[in-house]
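Enquirer: Residue numbers (the UniProt record's numbering): 1 to 384.
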Ligand SMILES: NC(=O)c1ccc[n+]([C@@H]2O[C@H](COP(=O)([O-])OP(=O)(O)OC[C@H]3O[C@@H](n4cnc5c(N)ncnc54)[C@H](O)[C@@H]3O)[C@@H](O)[C@H]2O)c1
């Protein structure tokens, strides 16, 4: 059986996402399992070259995983003909410049979301990639998680009838950093460093809505900075300049209305940190990242409003669990495998930089709506 080694420059592997999800759980896991088998039987073996700002941290990660190549010189790595793919999981603000360099060097590019800090920059990257003829993609991992894959099954099977509405609830309490360490990096709370929950989460909501239910046409949002003062990684206090909560309403092309709350200032009373309830004429579902429960019209209880009597109906017991029926691998890894196949064979990959730019369009529209108090329409974005 023939083997093909695919060199991947991985930038941002000292970060939370870059290290855990992308390096260890995706690329190294794929390599440890012998690579990916292509349709012609070739084994495609990804070979990472670690890129970052701190030689010490890179060397430490390389040693831990038996890797031999790392560099703090991105340009030198990009000039290496053995590198075919550039991957970026740096903080959002650092992404654009690095991706531009990678495209100019003729590398295929795969990047974390949001693909850039602004819609203009995201569209420009999509254009440059198209013009250079390089394959490109953006991480849209939630689509590859069990809960949303089950939701996809339900949509595809026609379970819902006509979909009326989607209600999403995302969030958890992120500690301020003084009396307990914050569980998210401080740049997330600084607008000037690409922080903010809208920029962070609306791209996710966009691809989930678009892929499962159809294009988003309008956005109405309200944002807040509920916790204005936080403490950073060194214990120093700082002013939070970015939004830490967003309350959004999204109208879809097919008339359905989605309403999604995102907050780093709520306490969890849900089964999962994110949950979506989908209501349709024929059935409803509640999906998290892993589980999915349904209620069909034929078993819908007759709820009746009576505030004077205690309600004895066990509503939550009246839902059925959608079975796994399969093994679900890590979502980031699944998408990496699709992207690597796309690079090697040109197989379809809808999660391109243009779709990433549409996510940014929705984030910018959310911020504009919050600023102006108006509903913002999402026009067609194109790279032609
Ligand atoms: N797909 C997802 O579910 C998901 C989840 C969280 C974050 N993300 C995205 O991944 C990216 C990284 O987020 P993270 O939470 O891993 O962040 P992080 O702070 O843990 O890691 C940031 C990485 O960027 C590097 N970096 C480069 N320039 C930097 C600078 N000037 N200041 C600070 N760090 C710099 C750091 O060295 C580090 O490797 C972001 O774009 C974020 O939006 C995606």
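Ideal Cβ positions, reconstructed from N, Cα and C, are used throughout, including at glycine.
Since the model is a prediction, treat every value here as computed from it, not as a measurement.
Excluding five sequence neighbours on each side, which residues of the same chain lie with their C-beta closer than 7 Å to the C-beta of residue 135?
Expert: The residue labelled residue 135 in the question sits at position 135 within the chain shown. If we look at residue 135 and ignore the five residues flanking it on each side, its Cβ neighbours are 108, 342, 343.
Enquirer: Does the count of Cβ pairs from the stretch 262-269 and the stretch 165-184 closer than 8 Å reach three?
Expert: The stretch 262-269, when compared against the stretch 165-184, does touch it at the 8 Å Cβ threshold.
Enquirer: Tell me whether the stretch 98-106 and the stretch 180-196 touch, counting them as touching only if at least three CB pairs, one residue from each stretch, are closer than 8 Å.
Expert: no
Enquirer: Please list, in chain order, all residues of the same chain as residue 429 whose beta carbon is under 7 Å from its beta carbon, the five residues on each side excluded.
Expert: With the chain covering 1 to 384 only, the question about residue 429 has no answer from this structure.
Enquirer: Any idea which residues DSSP pairs residue 284 with across the strands?
Expert: For the purposes of this step, residue 284 is identified with residue 284 of the chain shown, where counting begins at 1. In the DSSP output, where bridge partners are listed per residue, residue 284 has 279, 295.
Enquirer: Can you determine whether any heavy atom of ligand 1 sits closer than 6 Å to the C-beta of residue 17, and answer yes or no?
Expert: The residue you call residue 17 lines up with position 17 of the chain shown. Correct: residue 17 has its Cβ closer than 6 Å to ligand 1.
Enquirer: Can you tell me whether residue 92 sits near ligand 1, meaning its C-beta is under 6 Å from at least one heavy atom of the ligand?
Expert: In the chain shown, the residue the question calls residue 92 occupies position 92. Correct: residue 92 has its Cβ closer than 6 Å to ligand 1.
Enquirer: Report the start-end ranges of each beta strand (DSSP E) in the stretch 202-226 that is 3 residues or longer and not cut off at the edges.
Expert: 216-224
Enquirer: Under the three-state reduction of DSSP, which class applies to residue 85: helix, strand or coil?
Expert: The sequence position of residue 85 within the chain shown is 85, counting from 1. In the structure shown, residue 85 sits in a strand (DSSP, three-state: E or B).
Enquirer: DSSP on residue 251, reduced to helix/strand/coil?
Expert: Your numbering for residue 251 matches position 251 in the chain shown. Reduced to three states, the DSSP call for residue 251 is strand.
Enquirer: Report the residue ranges of all beta strand (DSSP E) runs contained in full by the stretch 9-92; include only those spanning at least 3 residues, in chain order.
Expert: 43-51, 83-88
Enquirer: Within 10 angstroms of its Cβ, does residue 335 collect 16 or more other Cβ (buried), or is it exposed?
Expert: Looking up residue 335 in the chain shown gives position 335. When all chains shown are included, residue 335 counts as buried.
Enquirer: In the DSSP assignment, find the unbroken alpha helix (DSSP H) run with residue 152 in it and report its ends.
Expert: For the purposes of this step, residue 152 is taken as residue 152 along the chain shown, with counting starting at 1. First-last of the alpha helix (DSSP H) with residue 152: 146-157.
Enquirer: From what residue to what residue does the beta strand (DSSP E) around residue 239 run?
Expert: Counting from 1 along the chain shown, the entry for residue 239 is found at position 239. Secondary structure note for residue 239: its beta strand (DSSP E) is the uninterrupted segment 237-239.
Enquirer: Express the C-alpha separation of residue 285 and residue 87 in angstroms, rounding to a whole number.
Expert: Translated into the one-based positions of the chain shown, residue 87 becomes position 87. Translated into the one-based positions of the chain shown, residue 285 becomes position 285. Rounded to whole angstroms, residue 87 to residue 285 spans 35 Å at the Cα level.
Enquirer: Less than 7 Å between the C-beta atoms of residue 366 and residue 227, yes or no?
Expert: Start at 1 with the first residue of the chain shown, and residue 366 comes out as number 366. Start at 1 with the first residue of the chain shown, and residue 227 comes out as number 227. Contact annotation: residue 366 and residue 227 have beta-carbon atoms that are not nearer than 7 Å.
Enquirer: Once you ignore the five residues that flank residue 362 on each side, which residues in its own chain have a CB closer than 8 Å to its CB?
Expert: Sequence index remark: in the chain shown, residue 362 carries index 362 (1-based). Cβ within range, chain order: 202, 203, 205, 206, 216, 219, 250, 378.
Enquirer: Rounded to the nearest angstrom, what separates residue 347 and residue 36 at their Cα positions?
Expert: Within the chain shown, the letter at position 347 stands for residue 347. Within the chain shown, the letter at position 36 stands for residue 36. Roughly 14 Å separates the two Cα atoms.
Enquirer: Measuring CA to CA, which of 82, 262, 180, 1 is closest to residue 43?
Expert: For the purposes of this step, residue 43 is taken as residue 43 along the chain shown, with counting starting at 1. Checking every option, the nearest Cα to that of residue 43 belongs to 1.
Enquirer: Excluding five sequence neighbours on each side, which residues of the same chain lie with their C-beta closer than 7 Å to the C-beta of residue 230?
Expert: Working through the chain shown from its first residue, we reach residue 230 at position 230. Excluding sequence neighbours, residue 230 sits near 176, 177, 182, 186, 189, 238, 240.
Enquirer: Can you give me the C-alpha to C-alpha distance between residue 331 and residue 271, rounded to a whole angstrom?
Expert: Locating residue 331 in the chain shown gives position 331, where the first residue counts as 1. Locating residue 271 in the chain shown gives position 271, where the first residue counts as 1. Distance between the alpha carbons of residue 331 and residue 271: 19 Å.
Enquirer: Are there three or more Cβ pairs, one per stretch, closer than 8 Å when the stretch 1-13 is compared with the stretch 78-86?
Expert: yes
Enquirer: Indicate the three-state DSSP secondary structure (helix, strand or coil) for residue 318 in the structure shown.
Expert: Looking up residue 318 in the chain shown gives position 318. Of the three classes helix, strand and coil, the one that applies to residue 318 here is helix, per DSSP.
Enquirer: Under 6 Å: does the beta carbon of residue 12 sit that close to some heavy atom of ligand 1?
Expert: Residue 12 sits at position 12 when you count from the first residue of the chain shown. True, at least one ligand heavy atom lies under 6 Å from that Cβ.
Enquirer: Hey, would you say the C-beta of residue 139 is under 6 Å away from at least one heavy atom of ligand 1?
Expert: Taking the first residue of the chain shown as position 1, residue 139 is located at position 139. Under cutoff, so the answer is yes.
Enquirer: Grab the span of the alpha helix (DSSP H) containing residue 361 for me, first residue to last.
Expert: Against the chain shown, residue 361 aligns to sequence position 361. Residues 353-372.
Enquirer: To which residues of the same chain is residue 296 closer than 6 Å at the C-beta, ignoring the five residues directly before and after it?
Expert: The count along the chain shown starts at 1 and reaches residue 296 at position 296. Excluding positions up to five away in sequence, the list reads 283.
Enquirer: Between the alpha carbons of residue 322 and residue 384, how many angstroms are there, rounded?
Expert: Taking the chain shown and counting its residues from 1, the one referred to as residue 322 is at position 322. Taking the chain shown and counting its residues from 1, the one referred to as residue 384 is at position 384. Whole-angstrom Cα-Cα distance: 42 Å.
Enquirer: Indicate, with yes or no, if ligand 1 has a heavy atom lying under 6 Å from the CB of residue 102.
Expert: Counting from one through the chain shown, the residue named residue 102 turns up at place 102. No - ligand 1 has no heavy atom lying nearer than 6 Å to the Cβ of residue 102.
Enquirer: I'd like to check one pair, residue 89 with residue 12: are the Cβ atoms closer than 7 Å?
Expert: Residue 12 sits at position 12 when you count from the first residue of the chain shown. Residue 89 sits at position 89 when you count from the first residue of the chain shown. In this structure, residue 89 lies closer than 7 Å to residue 12 by Cβ.
Enquirer: If you check the beta carbons only, do residue 280 and residue 162 fall under 7 Å apart?
Expert: One-based indexing of the chain shown puts residue 280 at position 280. One-based indexing of the chain shown puts residue 162 at position 162. Yes, the pair counts as a contact, with Cβ atoms nearer than the cut-off.
Enquirer: Taking residue 40 as the reference, which of 345, 354, 257 has the closest Cα?
Expert: By 1-based counting over the chain shown, the position of residue 40 is 40. Cα-wise, what sits closest to residue 40 is 345.
Enquirer: If you measure from the CB of residue 112, is any heavy atom of ligand 1 nearer than 6 Å?
Expert: Working through the chain shown from its first residue, we reach residue 112 at position 112. Within the cutoff, so yes.
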